[in-house]
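Numbering (my numbering), first residue to last: 5 to 232.
Let me begin by presenting the structure, written as structure tokens, before commenting on it.
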Amino acid sequence: MKKKTHGPLTSNPAAIIFDMDGVIVDSMPYHFIAWYEALRPWGVRVNCFDVYSKEGEDWKKTLSDLLRRHKIKPNKMVLRKIFLNRQKIFKKYFRRFVFKGAKDLLLCLARKGYILGLVTGTPLNEARSILPAQILRAFDTIVTGDQVKRGKPYPEPYLEAAKRLKVKPSACVVIENAPLGIASAKKAGMFCIALTTSLPAEYLSCADIVADRLQEIAGIIESSCRVL
């Protein structure tokens, strides 16, 4: 069920831009496990909300904030040691699971003439290992966390995607699932649909529309446009 929090689109979009974790792939539980296990030896305890609410943020800032909260100085050596262990744990546990309807939605949108982008805070190499090749090929551009100076919640990742796709930010619809990603999209001047795949709707209220499932997206875009 969709929940409108703001007004409809004022013009027809040219591009649909997706976040990856928690939108295309059900990877957030594995990210939580990786952070939990990597931080536990340091006496740092995290819960799902700690991880999910920070999704999309540069890992160095996320990790630094968590360490400072537990009175641990986040120097470069400590950050790198914990992060490398976190990556190792993620690879150990991760099992690829593309959300139901993701492939069909991408094909449907492409057939309707939309150009497609992917914006993720994940590094490029990791994104390529997480997404199946057939999903990767569906996107006209992919912007990853290691390709921008300032990631989410800053607008740079989504503005970079619009630049590469050669469309105005106002002609883009973003599909997100996290507060920082929503903030990034809105600061970039884009219409944003948020999915409740990781966090409940009350944490996603800055999005223009909140929905529960990917299968709702095509209908939401159609009903929110003047002409599809």
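Every residue, glycine too, gets a C-beta built ideally from N, C-alpha and C.
Predicted, not measured: the structure shown is a model, and the values here were computed from it.
Residue of the options minimising C-alpha distance to residue i
i: Ala211; options: Gln219, Pro161 and Gly193; result: Gly193
i: Asp62; options: Pro161, Lys191, Thr201 and Ala175; result: Pro161
i: Val171; options: Arg115, Ile119, Ser188 and Trp39; result: Ile119
i: Ala182; options: Val82, Phe53 and Lys80; result: Phe53
i: Gly117; options: Arg141, Ile224, Pro17 and Arg84; result: Pro17
i: Tyr34; options: Ser15, Asp23 and Glu59; result: Glu59
i: Arg99; options: Pro136, Leu67 and Ser209; result: Pro136
i: Leu84; options: Gly155, Leu67, Lys95 and Lys75; result: The sequence given here has Arg at residue 84, not Leu. Cα-wise, what sits closest to Arg84 is Leu67.
i: Val102; options: Leu43, Ser228 and Ile139; result: Ile139
i: Gln151; options: Phe143, Arg141, Ala142 and Leu163; result: Leu163
i: Leu169; options: Val147, Glu180, Ala189 and Lys190; result: Val147
i: Gly1; options: Asp144, Lys104 and Lys153; result: It is not possible to answer for residue 1, since the shown part of the chain is limited to 5 through 232.
Identified DSSP bridge partners for residue i
i: Leu218; result: Leu218 is not bridged to any residue.
i: Glu180; result: Ala198
i: Ala19; result: Ile119 and Cys176
Beta-carbon contacts of residue i that lie in its chain and below 6 Å, excluding the five residues immediately before and after
i: Cys112; result: Ala222
i: Ile21; result: Gly121, Val123, Ala165, Cys176 and Val178
i: Ala187; result: Pro157
i: Thr200; result: Asp216
Within 9 Å, strictly: CB atoms of residue i and residue j
i: Ala106; j: Leu184; result: no
i: Glu41; j: Arg90; result: yes
i: Ile93; j: Ile37; result: yes
i: Ile134; j: Val29; result: yes
i: Ala198; j: Val214; result: yes
i: Pro173; j: Gly149; result: no
Chain-order list of residues whose beta-carbon lies under 7 Å from that of residue i (same chain, five-residue window excluded)
i: Val55; result: His35, Phe36 and Trp39
i: Ala114; result: Leu120 and Ala142
i: Ile224; result: Lys6, Ile197, Ile213 and Ala215
Assess contact between the segment 93-110 and the segment 69-83, defined as three or more Cβ pairs (one per stretch) separated by less than 8 Å. Is contact present? no
Kindly confirm or deny that the segment 196-207 and the segment 34-50 touch, where touching means at least three C-beta pairs closer than 8 Å. no
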